[in-house]
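Protein chains in written order, with our numbering: chain W, 7 to 349; chain F, 7 to 349; chain Z, 7 to 349; chain A, 7 to 349; chain R, 7 to 349. For each residue, glycine too, the CB sits at the ideal point set by N, CA and C. Just so we're clear, the structure is a prediction, and the values are computed from it rather than from any experiment.
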Amino acid sequence: MPGSLEVIARPATSAIDVIRYTEDDFNQSQANSLAELPLTREAGRVTWININGVSDTSVLLHLQKRFGLHDLALEDAVTSHQRPKVEVYDDHVFIVLRMFSENSVHSEQLSIFLGPQFVITLQESPGDCLDPVRQRLKKGWGKIRAAPADYLAYAIVDAVIDAYFPVVDALGDEIEAVEETILADGSKNVAQRLHHLRGDLSELRRAIRPLRDALNHLMPDPHELFHERTQLYLRDCYDHTVQLIDLLDTYREMCTDLRDFHLSAVNQRMNEVMKFLTIIATIFIPLSFITGVYGMNFNTSQPGNMPELNLPFGYAIVWAVMLSVALGLIGFIWRKGWLQPTE
Amino acid sequence: MPGSLEVIARPATSAIDVIRYTEDDFNQSQANSLAELPLTREAGRVTWININGVSDTSVLLHLQKRFGLHDLALEDAVTSHQRPKVEVYDDHVFIVLRMFSENSVHSEQLSIFLGPQFVITLQESPGDCLDPVRQRLKKGWGKIRAAPADYLAYAIVDAVIDAYFPVVDALGDEIEAVEETILADGSKNVAQRLHHLRGDLSELRRAIRPLRDALNHLMPDPHELFHERTQLYLRDCYDHTVQLIDLLDTYREMCTDLRDFHLSAVNQRMNEVMKFLTIIATIFIPLSFITGVYGMNFNTSQPGNMPELNLPFGYAIVWAVMLSVALGLIGFIWRKGWLQPTE
Amino acid sequence: MPGSLEVIARPATSAIDVIRYTEDDFNQSQANSLAELPLTREAGRVTWININGVSDTSVLLHLQKRFGLHDLALEDAVTSHQRPKVEVYDDHVFIVLRMFSENSVHSEQLSIFLGPQFVITLQESPGDCLDPVRQRLKKGWGKIRAAPADYLAYAIVDAVIDAYFPVVDALGDEIEAVEETILADGSKNVAQRLHHLRGDLSELRRAIRPLRDALNHLMPDPHELFHERTQLYLRDCYDHTVQLIDLLDTYREMCTDLRDFHLSAVNQRMNEVMKFLTIIATIFIPLSFITGVYGMNFNTSQPGNMPELNLPFGYAIVWAVMLSVALGLIGFIWRKGWLQPTE
Amino acid sequence: MPGSLEVIARPATSAIDVIRYTEDDFNQSQANSLAELPLTREAGRVTWININGVSDTSVLLHLQKRFGLHDLALEDAVTSHQRPKVEVYDDHVFIVLRMFSENSVHSEQLSIFLGPQFVITLQESPGDCLDPVRQRLKKGWGKIRAAPADYLAYAIVDAVIDAYFPVVDALGDEIEAVEETILADGSKNVAQRLHHLRGDLSELRRAIRPLRDALNHLMPDPHELFHERTQLYLRDCYDHTVQLIDLLDTYREMCTDLRDFHLSAVNQRMNEVMKFLTIIATIFIPLSFITGVYGMNFNTSQPGNMPELNLPFGYAIVWAVMLSVALGLIGFIWRKGWLQPTE
Amino acid sequence: MPGSLEVIARPATSAIDVIRYTEDDFNQSQANSLAELPLTREAGRVTWININGVSDTSVLLHLQKRFGLHDLALEDAVTSHQRPKVEVYDDHVFIVLRMFSENSVHSEQLSIFLGPQFVITLQESPGDCLDPVRQRLKKGWGKIRAAPADYLAYAIVDAVIDAYFPVVDALGDEIEAVEETILADGSKNVAQRLHHLRGDLSELRRAIRPLRDALNHLMPDPHELFHERTQLYLRDCYDHTVQLIDLLDTYREMCTDLRDFHLSAVNQRMNEVMKFLTIIATIFIPLSFITGVYGMNFNTSQPGNMPELNLPFGYAIVWAVMLSVALGLIGFIWRKGWLQPTE
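Structural data, given as structure tokens:
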């Protein structure tokens with residue numbers, strides 16, 4: 007049923023952080039249920055409710071009733087593996103994106119509801135990359151406390167996007183490490199490492215590209231919830247996503263190039279091995295045939311049977327023949343240029 | 007002739023389900039011909055006629071006359087292998103899409119006609135994924151019974167799209183299974199499995215992509231038959247198709263990556279085999295030549311003929327020569343790094 | 007000189023069919039020159055002139071003067087290998103497309119001039135896929151005789167597009183046949199068949215894609231010669247071209263996939279062959295070396311020279327050594343997993 | 007400095023052709039400097055100045071002053087290797103494109119300035135493909151002399167585009183020749199020929215694609231210098247460039263297909279060679295081992311040492327063993343299907 | 007925190023060049039801090055402040071206060087590895103691009119702030135490609151001193167773009183050198199050189215493509231800071247970037263083609279080597295088997311044991327047999343066409 011809430015099993019404790027602030031005031035509290043918290047609406051006061059994992063739907067239903075969130079938005083918020091998107095409803099904006107925690111490799115889903123004076127964030131598990139935002143709110147740095155709720159929403163999205171950069175940079179470092187491995191003629195697990203890199207790049211790309219498109223669509227169309235003043239900042243966010251996609255595309259291309267380069271290096275080495283075998287075999291096979299001939303046991307007392315065996319210095323002559331055959335073959339191979347390395 | 011009805015042979019029994027409901031009333035009946043059913047038009051009552059396979063055209067002609075369906079739409083509805091599309095006619099909307107039955111792998115064509123107070127669905131064979139919709143209608147869950155016919159049409163499209171997810175997920179599982187097979191260095195039928203996966207992905211993509219485009223075109227342009235209220239729900243449908251296409255694109259890319267990875271793994275193993283042969287052959291071919299030399303039957307009583315054979319400890323000397331040749335070659339191969347695995 | 011008519015050598019006889027009809031009247035005649043035919047203009051009467059190959063330009067110049075055709079359009083009509091297109095002139099529409107005759111594999115160029123009350127078609131040689139249209143006109147089936155000239159033009163384009171389907175289906179069958187060949191491990195001419203298939207697909211695509219684009223551009227912009235009523239039918243034509251392009255793209259992708267699959271199958275088989283050689287050679291090369299050693303003719307009466315040869319059961323010992331070497335190598339190969347098929 | 011004129015060394019003689027005409031009058035003269043020519047402006051008289059190579063800038067500066075050409079346009083005209091483009095300035099249009107002379111393989115740059123009553127063309131060296139235009143002007147064929155200057159500019163562009171067709175057709179012929187070579191199983195220089203073909207195709211594409219785009223941008227936007235009447239003719243030019251690009255894309259695709267096809271043909275032949283070696287080696291290596299065994303010199307007088315050698319008919323038995331080994335191997339290879347050609 | 011300035015360690019000395027000019031006056035000075043310089047605003051006087059590396063933020067903060075630069079623009083200016091872009095703020099335009107110094111291979115970031123009467127440029131280190139601009143300003147060449155600040159900004163961007171051409175040309179020369187190497191059948195480091203070329207091309211492309219897009223977006227929308235007169239010059243800049251991208255795309259394609267060509271050349275050479283081995287081995291393996299047979303030590307005194315050995319001229323017969331086997335094999339190989347070079 008569209009708009010219904012089926013919460014997938016989540017961590018039992020669903021801690022709720024509530025931050026409320028005006029330009030001059032800052033107030034932070036924590037609770038296990040929303041009912042505990044008096045959330046009276048006050049002019050100029052912004053409320054940020056952060057839910058760390060949803061264990062039961064009652065919190066959500068409470069939220070929905072209290073802030074008038076749309077069924078479909080709430081359904082998306084509790085369903086994991088959503089595609090990042092920005093959806094504009096009548097009286098609130100719903101943003102869903104993937105977040106990398108600062109000290110973790112795995113991404114989780116972060117849903118943001120932005121209303122006239124509130125921001126609600128919903129993450130899959132505790133621990134996030136939003137501490138710089140909380141810090142700025144607490145210390146009153148910059149204009150964040152003086153600005154309306156949309157600036158807070160922007161600050162959260164910006165913090166999430168900033169947390170992509172170290173992840174992308176780590177992939178860039180790994181790509182460089184692989185390149186150095188190939189150039190150093192070592193080839194430990196190159197194929198496998200490139201395969202995993204491509205997978206990671208493609209996953210990141212899937213997280214960032216829809217976000218970029220959503221930000222792009224959001225920008226030219228100032229919504230009553232995104233004031234014109236915030237537009238410049240959103241453009242900055244958008245620029246960052248463009249830069250990330252640029253980097254990911256470059257890295258993907260580098261992976262393809264490295265795979266081709268690695269393949270050609272492996273091939274070259276294999277070719278060298280094969281050429282060595284070829285040359286050894288090509289020289290010795292005719293020589294072995296000659297020794298085979300004079301190893302035959304024809305009865306030399308019969309006429310015409312292997313008179314060479316009884317020649318004085320026949321052995322030396324055979325050696326001379328064999329040497330000239332070998333030299334001829336080496337000369338032929340040399341002239342053909344097969345001894346030069348192909349790369 | 008455009009607009010003519012040539013029905014391809016279908017199951018003999020073409021059962022017709024008719025569901026009629028208002029907000030407070032629900033009524034379901036079944037018949038073999040439309041003539042049996044009194045279909046009086048009543049304000050606020052929505053009629054859903056579901057036809058399970060068309061055996062003769064009389065039913066269709068009856069429908070066409072009764073509901074004013076357009077020739078071309080009806081022609082498309084009875085022609086299988088239509089490309090999914092949404093077509094807006096003067097007084098009805100025609101939707102055609104591919105449907106996966108809940109307990110079947112094969113897809114069939116589902117045609118939907120949406121008119122002012124009616125929805126007509128036409129499927130190729132009995133059995134579909136629409137039971138949740140019927141259940142919600144029967145039980146009166148949610149707002150489905152209170153909403154006009156366009157919400158029913160949306161609910162049907164949504165149910166069909168939801169039924170894609172398990173099919174796509176199954177492909178994802180198969181891809182992961184193939185990846186594990188490759189990583190475990192087994193390679194049972196990998197090429198063939200990837201080939202079939204690509205075929206399936208491409209077929210699903212062909213089913214979903216035109217649907218996505220059609221939904222996208224339908225949305226910004228509110229039709230008198232698709233009320234503004236339903237637009238939000240259509241956007242949700244559209245989002246799901248976007249997500250499906252995203253998944254399919256990712257899977258397709260993963261297939262390509264896996265094929266490359268598999269190829270490189272097969273190549274590596276082959277290279278290892280070839281290198282082993284090369285090394286064995288390279289070492290023993292010169293040694294065999296030496297044994298061949300001393301297997302020649304030159305008459306040692308003639309001067310200069312193989313005096314080595316009569317040397318005391320000549321045999322040991324030959325062994326020493328052979329060992330040093332072997333060690334020299336092994337050393338050469340070692341220094342060249344040919345014994346290290348290339349990957 | 008632009009707009010000049012240089013007729014490439016065509017069949018000597020350029021038969022001209024003229025069909026004239028109103029809703030109640032149908033009249034068909036045939037001539038070798040237009041001058042023979044009285045072509046008075048009558049309200050409600052549509053004239054369809056079909057020219058089967060142009061042998062001299064006088065017919066064309068007559069047509070041009072009589073119907074006011076544009077120089078450039080006429081020049082394109084007589085130049086073969088035109089790219090399909092729709093061009094709107096002041097008082098007529100010029101359509102050029104490629105037509106597959108019903109009983110022929112080769113396509114020819116069909117030019118259509120649509121004016122207020124006339125349609126002129128110009129084909130390269132007699133024999134076409136337009137007989138169903140003629141039949142409908144003659145029998146008065148459907149609304150074709152009641153409709154103005156643009157419906158006739160649509161009907162002709164529709165008949166031409168319908169004639170693409172069997173051609174495309176035949177390619178689909180051939181692709182399936184190739185796939186079955188590969189799966190059955192046979193590989194008779196697979197590369198060559200795929201090469202020809204790709205060529206055919208690409209040729210068809212070149213015929214259909216510009217037509218699709220032209221129809222798409224024609225649709226949203228109702229021309230005074232294409233009435234709004236005909237627009238729905240044009241949309242149907244457009245849908246068919248989209249479906250054809252879809253099919254062709256799918257087939258092209260399938261060809262690429264099949265080529266990769268075939269290549270990997272051929273590779274696998276080659277790898278199997280090479281591995282068999284490798285294993286045989288790897289086992290027997292060391293054994294042959296051993297036999298070579300004991301085939302040397304060292305004088306055993308000299309001290310230290312091959313005492314093994316005189317050992318009782320030396321022969322059995324050598325066999326034991328050789329068997330253990332062989333078993334060791336087989337064991338090594340077995341443990342390396344080289345005996346398992348790689349695919 | 008933008009807009010400055012640095013003339014690259016050009017042929018010493020920079021002949022200047024001047025053609026002046028009205029509907030009834032035609033006048034052609036030639037000079038080495040513009041100063042020699044009285045260029046009075048007359049209503050209805052069009053002046054076409056063609057400069058064959060620029061040796062000194064004085065001619066250009068004279069032109070610039072006389073006709074008011076823009077700095078940037080003139081700078082582009084004297085700089086070779088410009089990307090084809092159409093630039094609209096306040097009182098003149100500047101067109102730059104690549105021209106193939108009728109009897110030459112190399113292209114040169116042709117710059118066209120179109121003003122109210124003049125056309126100035128500037129080519130790198132004498133000899134061009136514009137003689138048909140001059141002929142039509144001289145003889146007064148068609149409407150060229152009656153039309154304003156923009157029709158002359160169109161006629162020049164059209165003549166340049168027409169001269170592309172033989173060049174592109176020659177590439178098509180070469181591609182067909184390469185295909186026939188591959189199908190005939192010959193493979194003389196196929197890789198190199200395809201490599202050069204791709205280079206040529208890509209160069210032509212670089213010449214035509216920007217021209218197509220420029221014409222496309224010029225068309226929908228009637229400029230006061232390009233009258234509406236000429237628009238239809240420009241559309242024809244545009245169509246020709248589209249057709250050329252279509253051809254080039256097809257040829258490029260055919261080159262890729264041919265390369266794949268050729269590679270697979272070369273591979274197949276190599277595989278056949280390798281399989282033949284494999285089969286020969288696989289059969290004879292075990293047989294040689296057997297002969298090696300009975301070539302060992304164990305002292306048969308010691309117990310257990312090679313009693314086979316003294317068996318009556320031992321030789322025949324060995325032959326029987328060897329034959330059965332060979333037949334067994336051949337049978338194995340046969341059953342594996344390795345003797346069938348893989349393609 | 008968005009908009010904050012964290013300056014990465016830069017060269018200690020951050021020299022500041024200030025150029026101030028009107029049409030008749032030119033004045034250049036240098037300082038280590040802005041405070042030293044009296045920067046009074048005068049009608050018609052343009053100020054160009056060029057900062058060579060930023061060592062402390064005080065200069066920037068001074069600039070920001072003095073010229074009203076936006077936080078986000080300033081943050082981007084001091085962060086290296088920005089994606090080239092043009093951003094329009096309320097009262098200034100911010101341009102960031104990559105600059106190649108005239109005598110250096112490495113690129114650095116150049117940020118340009120364009121305000122009503124000022125241009126501020128910020129580069130990472132001293133030394134740039136802007137000397138021609140300075141020269142033109144100093145000497146009063148052209149119209150640069152008479153034009154407003156936007157022309158100066160254009161002149162700087164143009165100089166930066168002009169400095170790309172030698173870099174791109176050098177890559178083109180390297181590509182040609184690689185092609186010649188391959189055609190001359192040498193293959194020294196081809197794979198590695200192509201790999202590095204692709205990397206360089208891709209880096210340049212990343213520098214130029216966003217710039218092209220930014221210029222394209224800037225053009226159609228005349229900003230109060232970019233006068234209409236400058237638009238023509240911006241179009242020229244844009245054309246240059248289009249030409250550069252065109253070149254880079256061509257070079258990238260050529261790299262791909264060269265890699266394929268090189269691979270096929272390496273393959274061909276390897277195939278030749280393998281075929282030579284195959285032919286040598288194929289001929290000698292059966293011959294060696296024959297010599298092996300007659301090297302067996304069967305006791306010829308036993309009946310049926312190797313009577314051939316005692317035949318008169320048996321040796322000659324064996325040679326005849328061996329020769330006919332060899333000739334037969336050579337004939338077979340010849341007929342199969344395996345001796346012809348495959349390429």
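Near residue i, what residues of its chain come up, given a Cβ to Cβ distance below 6 Å and the 5 sequence neighbours on each side ignored?
i: histidine 76 of chain W; result: Tyr95
i: cysteine 261 of chain A; result: Leu200, Leu203, Arg204
i: glycine 146 of chain W; result: none
i: leucine 293 of chain R; result: Met328
Near residue i, what residues of its chain come up, given a Cβ to Cβ distance below 8 Å and the 5 sequence neighbours on each side ignored?
i: alanine 220 of chain F; result: Pro90, Lys91, Val92, Ile101
i: phenylalanine 124 of chain Z; result: Val52, Thr53, Trp54, Ile55, Phe73, Ala155
i: histidine 87 of chain R; result: Gln115
Under a Cβ-count criterion, where at least 16 other Cβ atoms within 10 Å of its own Cβ denotes burial, should residue i be classed as buried or exposed?
i: glutamine 34 of chain W; result: exposed
i: proline 172 of chain F; result: exposed
i: proline 309 of chain W; result: exposed
i: leucine 333 of chain A; result: exposed
According to DSSP, residue i sits in a beta bridge with which residue or residues?
i: alanine 37 of chain W; result: W/Ile22
i: methionine 225 of chain A; result: DSSP, once it has assigned bridges, lists no residue as partnering methionine 225 of chain A.
Which bits of chain R does residue i rub up against, with CB to CB less than 7 Å?
i: valine 279 of chain A; result: Lys281, Thr284, Trp344
If you run the structure through DSSP and keep just helix, strand and coil, what is residue i?
i: methionine 312 of chain Z; result: coil
i: valine 319 of chain A; result: Reading off the sequence, residue 319 of chain A comes out as phenylalanine, not valine. Reduced to three states, the DSSP call for phenylalanine 319 of chain A is coil.
i: leucine 231 of chain W; result: coil
i: serine 294 of chain R; result: helix
i: tryptophan 344 of chain A; result: coil
i: glutamine 88 of chain W; result: coil
Who are the Cβ neighbours of residue i in its own chain at under 7 Å, not counting the five residues just before and after it?
i: leucine 136 of chain R; result: Ile162, Ala165
i: lysine 281 of chain W; result: Trp344
Since residue i meets chain W, which of its residues come closer than 8 Å, beta carbon to beta carbon?
i: methionine 312 of chain F; result: Tyr321
For residue i, which residues in chain A fall below 7 Å Cβ to Cβ?
i: leucine 315 of chain Z; result: Asn303, Phe304, Asn305
Chain Z partners of residue i, CB-CB under 9 Å?
i: threonine 46 of chain F; result: Chain Z residues near threonine 46 of chain F: none, gap ~30 Å exceeds 9 Å.
Can you name the residues of chain Z whose CB is closer than 7 Å to the CB of residue i?
i: phenylalanine 295 of chain A; result: Phe290, Leu293, Ser294, Thr297
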